[in-house]
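To start, the structure itself, in structure tokens.
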């Protein structure tokens with residue numbers, strides 16, 4: 302059983318997220334909301350399908366995907382992108398393509414989820430704690 306199975310993770314700390322959102326072109330009001338919420342995330346596997354759910358007081362979103370298969374995604378800030386997610390050990394690696402290509406690496410441990418978001422030269426690290 303993978304270390305993330307049956308777990309939820311709540312945002313504990315965030316570094317450089319405002320700069321990341323600014324680089325994506327997210328407006329001031331949405332950035333303020335994005336910086337003020339502490340979402341809870343969960344990854345669930347059902348057969349070959351995975352669902353990654355983000356829940357907050359602002360918005361809830363879920364993406365369902367199969368590893369290595371491209372899918373359409375609408376991001377929390379409303380962008381429409383194509384994504385491919387692969388797994389390398391305990392890391393989910395998501396490549397988003399669209400107007401602004403982005404890489405999101407989610408590294409799961411028994412008690413933390415470390416999310417590294419990269420767009421161009423901008424990098425944001427968000428740390429979630431298992432709840």
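Residue numbers (our numbering): 302 to 432.
From the three backbone atoms N, C-alpha and C, an ideal C-beta is built for every residue, glycine too.
Keep in mind the model is a prediction, meaning the values are calculated, not measured.
**Item:** Among 355, 316, 383, 344, nearest to residue 372 - alpha-carbon criterion
**Value:** The shortest C-alpha separation from residue 372 is found at 383.
**Message:** Taking the alpha helix (DSSP H) that residue 325 belongs to, which residues open and close that run?
**Reply:** Per DSSP, the unbroken alpha helix (DSSP H) holding residue 325 starts and ends at 318-325.
**Request:** Would you kindly check if the distance between the Cβ of residue 432 and the Cβ of residue 346 is under 8 Å?
**Result:** Not in contact: residue 346 and residue 432 (Cβ atoms no closer than 8 Å).
**Beta carbon proximity, residue 382 to chain B, threshold 8 Å** = In the structure shown, chain B cannot be found, because there is only a single protein chain.
**Asked** Going along the chain, which unbroken runs of the beta strand (DSSP E) with 3 or more residues stay wholly within the stretch 368-397?
**Response** Complete beta strand (DSSP E) runs here, min 3: 372-375, 381-389.
**Request:** Reducing DSSP to helix, strand and coil, say where residue 362 ends up.
**Result:** Strand at residue 362.
**Message:** Below 8 Å on the Cβ atoms is my contact criterion, and I expect residue 376 with residue 363 to pass it. Report the Cβ-Cβ distance as a whole number of Å.
**Reply:** With a Cβ gap of about 12 Å, residue 376 and residue 363 do not count as contacting.
**Residue environment, residue 402, which counts as buried when at least 16 other CB atoms sit within 10 Å** = The residue in question, residue 402, is exposed, as its Cβ has fewer than 16 Cβ neighbours within 10 Å.
**Request:** Rank 313, 306, 322, 315 by C-alpha distance to the C-alpha of residue 379 and give the top, closest one.
**Result:** The residue with the shortest Cα to Cα distance from residue 379 is 322.
**Best match in 395, 359, 391 for proximity to residue 374 [C-alpha to C-alpha]** = Taking only the C-alpha atoms, the option nearest residue 374 is 395.
**Request:** Starting from the C-beta of residue 357, find all residues in its chain whose C-beta is less than 8 Å away, skip the five residues before and the five after it, and write them out in chain order.
**Result:** The residues are 338, 339, 340, 341.
**Request:** Could you name the residues of the same chain whose beta carbon sits closer than 6 Å to that of residue 417, not counting the 5 residues immediately before and after it, in chain order?
**Result:** Spatial neighbours of residue 417 in its own chain (CB-CB distance under 6 Å, excluding positions within 5 residues in sequence) are listed in chain order as 406, 426.
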